[in-house]
Each structure stands twice: as structure tokens, then as C-alpha cells.
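Numbered by the UniProt record's numbering, the letters in the sequence shown go through residues 1 to 91 in order.
Notes to accompany the following structure.
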Amino acid sequence: MLEDPYAYVVAAFQALPAPDYVPGPEEPEQAPPSPVYIPYPLPAAASPTTDSPGYIPEFDPDEDSEDDDDEDPEEDPADYPTDHDDDDDEE
């Protein structure tokens with residue numbers, strides 16, 4: 001037995017590697033990518049967002065609110081599920 005009891009405890013808890021363990025190759029250090037593979041920013045005309053049919057280039061909520069002023073909420077043709085039970089209360 002060793003003279004130092006703490007050295008014995010440390011040695012007892014250090015496990016040996018498995019007998020079939022083979023250390024794998026180390027990850028090689030990679031060179032930085034060459035400038036050929038670095039993508040450049042696309043020009044604005046080549047952006048697919050501007051070509052999409054629902055794209056609004058400039059949105060102004062004040063302009064859109066003027067169009068909604070002429071609509072009457074009582075004549076709204078939408079069928080909302082929350083309005084079905086309210087028919088008795090309306091006069």
C-alpha cells in the first residue's frame with residue numbers, strides 16, 4: 001500500500017481506457033474559405049421578395065384607414081361565428 005492514503009484513493013478511481021479503444025484521428029485545422037466561395041450580397045432587383053405578388057413596398061396605415069371609413073359594420077358580409085348567438089340582443 002502507498003504511504004499517502006490520498007494518492008491511493010486517486011489511483012483507485014482512475015479508470016484505464018477500454019482495451020479495444022483506438023484513438024481517432026484529430027480534426028485537421030482547416031484553412032479559411034477562399035474568396036471564390038464567399039457569397040456577395042444580391043442586388044435589390046434580384047431579391048425574390050420584391051417579385052412576390054403580395055409584396056407591399058411602402059405601407060402607410062394612415063392611407064389604408066381612409067379606405068375603411070366608408071364601410072358600414074352593419075352591412076359587413078362576413079359570417080363571424082361569434083355573431084350567431086347575438087341575434088336576440090340586437091334591435
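Virtual Cβ for every residue (Gly too), placed ideally from N, Cα, C.
**Request:** Please classify Pro5: does DSSP put it in a helix, a strand, or coil?
**Result:** Of the three classes helix, strand and coil, the one that applies to Pro5 here is helix, per DSSP.
**Asked** What did DSSP end up calling Ala12 once you bin it into helix, strand or coil?
**Response** In this structure, DSSP gives Ala12 a helical state, which the three-state scheme calls helix.
**Asked** With DSSP run on the structure shown, which of helix, strand or coil describes Glu75?
**Response** Three-state result, Glu75: helix.
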